[in-house]
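Peer 1: Going by this note's numbering, the final residue of the sequence shown carries number 310, and the count climbs one at a time with no gaps.
All residues carry an ideal CB built from backbone N, CA and C; glycine is no exception.
So that we are looking at the same thing, I have put the structure below in structure tokens.
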Amino acid sequence: MSEFLPESQSASPLRTGGELSPGAPAPADGQRAIVVVDCPDAVGLIHRITGVLGSRLLNIESNQEYVDGDAGWFFFRAEVTPAAGPVTAADLQRDLIAALPAGAQVRVTHARRRRIVVCATREPHCLGELLLLDSCGDLPVRIEAVVSNHDSLRGLVERFDVPFHHVPHEGVSRGEHEAALLAAIRSHDPEYVVLARYMRVLSEGVIAHFPHRIINIHHSFLPAFAGASPYRQAHKRGVKLIGATAHYVTAELDDGPIIAQDVVPVNHADTPLRMAQAGRDVEKLVLARAVRLVAEERVFLHGRRTVVFG
């Protein structure tokens with residue numbers, strides 16, 4: 001039976017998946033792997049990569065590539081299966097790095113469900129969408145736990161048999177709260193942390209534990225309609241589009257590299273309440289899309305922006 005042996009680790013902490021735990025489980029079918037590469041552009045890169053894959057008797061089921069001509073940088077993603085004999089991800093990573101220009105970053109991972117922890121506050125729409133998609137097997141993640149600074153979402157979460165951690169922020173310092181928050185999250189060893197309308201600003205100390213592995217969602221009115229009642233502000237200005245943005249969390253508030261965005265049309269007849277409903281609808285869809293893209297290794301960090309293979 002042809003199969004991939006244990007996964008390689010990332011060549012860089014900025015690779016989209018971050019560091020994986022040793023002995024991460026293989027996918028159910030034991031076969032498909034994802035190969036992602038980014039490196040300085042050069043002549044014949046696709047030939048070099050496919051040559052290495054062919055020498056390892058790997059069948060390329062799909063692939064995408066992109067060159068940023070201004071930066072002179074090449075991006076590649078492929079899904080592969082072994083045609084004969086076991087293939088170690090570490091050996092494949094080593095062979096690819098040897099064939100590519102200096103500075104190449106290569107990652108080889110199993111096509112499997114990624115472990116995530118979701119943080120939420122009171123709003124259920126984004127959290128509920130993730131729970132439903134996970135339970136139906138329609139999202140390539142496994143929600144290990146939900147952490148909230150309020151207890152109001154416990155009933156929703158426990159209906160899906162997912163552990164719920166209530167970590168209240170009242171009556172404690174910010175440092176004490178974040179220490180408890182981190183302990184709850186890290187006890188589940190997530191590969192990603194997803195903020196599903198989590199209404200607390202994370203400190204740089206928390207973010208540093210999960211570099212480029214925290215995904216956030218917010219409405220796309222920022223910075224035009226910041227603060228309280230953004231939909232009422234938008235209604236007064238007669239906006240025609242309601243949008244949402246999912247991005248990686250960085251030390252700069254709501255300014256991390258964008259993963260996914262979308263908009264829905266509204267018009268003069270829509271009330272602020274209807275606009276808010278439209279906003280919730282687009283937020284949950286955009287967040288789920290971003291989680292899927294990241295979990296499937298389709299997102300490359302590229303400076304302050306991303307390259308996303310859909």
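Which of the three DSSP states is assigned to Val162 in this structure?
Peer 2: Residue state, collapsed to three classes: coil.
Peer 1: How many angstroms separate the CA atom of Val308 from the CA atom of His110?
Peer 2: Those two C-alpha atoms are separated by around 19 angstroms.
Peer 1: Do Val249 and Leu293 have their beta-carbon atoms positioned less than 9 angstroms apart in this structure?
Peer 2: The answer is no: Cβ separation not under 9 angstroms.
Peer 1: If the criterion is Cβ atoms closer than 9 angstroms, does the pair Ile46 and Ala99 meet it?
Peer 2: Taking 9 angstroms as the Cβ cut-off, Ile46 and Ala99 do not qualify as a contacting pair.
Peer 1: Is it true that the CB of Leu96 sits closer than 9 angstroms to the CB of Val80?
Peer 2: No, the pair does not count as a contact, with Cβ atoms beyond the cut-off.
Peer 1: Please list, in chain order, all residues of the same chain as Val117 whose beta carbon is under 7 angstroms from its beta carbon, the five residues on each side excluded.
Peer 2: Taken in chain order, the residues that qualify are Glu144, Ala145, Val147, Ile185, His188, Pro190, Val193.
Peer 1: At what residues does the alpha helix (DSSP H) containing Glu204 begin and finish?
Peer 2: Segment 204 to 209, the alpha helix (DSSP H) holding Glu204.
Peer 1: Considering only the beta carbon of each residue, do Leu133 and Leu127 sit closer than 9 angstroms?
Peer 2: It is not a contact, given that the beta carbons lie outside the stated cut-off.
Peer 1: Evaluate contact between the region 156 to 170 and the region 84 to 93, counting only Cβ atoms and requiring at least three cross-stretch pairs below 8 angstroms.
Peer 2: Contact between the region 156 to 170 and the region 84 to 93 is absent, because fewer than three Cβ pairs lie under 8 angstroms.
Peer 1: Could you tell me if Leu53 is buried or exposed, where buried requires 16 or more neighbouring beta carbons within 10 angstroms of its beta carbon?
Peer 2: Classification for Leu53: buried.
Peer 1: Alpha carbon to alpha carbon, how far is Met1 from Cys39?
Peer 2: Below a pLDDT of 50, predicted positions are generally treated as unreliable, and Met1, at 42, falls in that range; the measurement from the model is reported next regardless. Using only the alpha carbons, I get a separation of about 33 angstroms.
Peer 1: Among residues of its own chain, excluding the 5 on either side of His169, which ones have a beta-carbon nearer than 8 angstroms to its beta-carbon?
Peer 2: Contacts found: Asn149, His177, Arg200.
Peer 1: Is it buried or exposed, His218, if we count other Cβ atoms within 10 angstroms and call 16 or more buried?
Peer 2: By the 10 Å Cβ count, His218 comes out buried.
Peer 1: Check whether the Cβ atoms of His235 and Pro265 lie closer than 9 angstroms to each other.
Peer 2: No, they are not a contact pair.
Peer 1: Just verifying my parser: in three-state terms, what is the DSSP assignment at Asp270?
Peer 2: Residue state, collapsed to three classes: coil.
Peer 1: May I have the straight-line CA-CA distance separating Leu92 from Ile34, to the nearest angstrom?
Peer 2: When rounded, the distance between both Cα atoms is 11 angstroms.
Peer 1: Starting from Thr109, follow the beta strand (DSSP E) in both directions and report where the run begins and ends.
Peer 2: It spans 105 to 110 - the beta strand (DSSP E) in which Thr109 sits, taken as one unbroken run.
Peer 1: If I measure Cβ to Cβ from Gly103 and keep anything under 7 angstroms in the same chain, skipping five residues before and after, which residues do I get?
Peer 2: Contacts found: Cys39, Pro40.
Peer 1: Can you give me the start and stop residues for the alpha helix (DSSP H) that Glu61 sits inside?
Peer 2: Here Glu61 belongs to no alpha helix (DSSP H); instead the beta strand (DSSP E) covers 58 to 68.
Peer 1: Quick one: measure Cβ to Cβ for Arg197 and Glu123, integer angstroms, because I've assumed they're closer than 8 angstroms.
Peer 2: About 4 angstroms; that satisfies the 8 angstroms criterion.
Peer 1: Please confirm whether Ser220 and Ala183 have their CB atoms less than 9 angstroms apart.
Peer 2: No. Outside cutoff.
Peer 1: From which residue to which residue does the alpha helix (DSSP H) around Tyr231 run?
Peer 2: Run containing Tyr231: 230 to 237, per the alpha helix (DSSP H) assignment.
Peer 1: Which stretch, first to last residue, makes up the alpha helix (DSSP H) that contains Thr50?
Peer 2: First-last of the alpha helix (DSSP H) with Thr50: 45 to 55.
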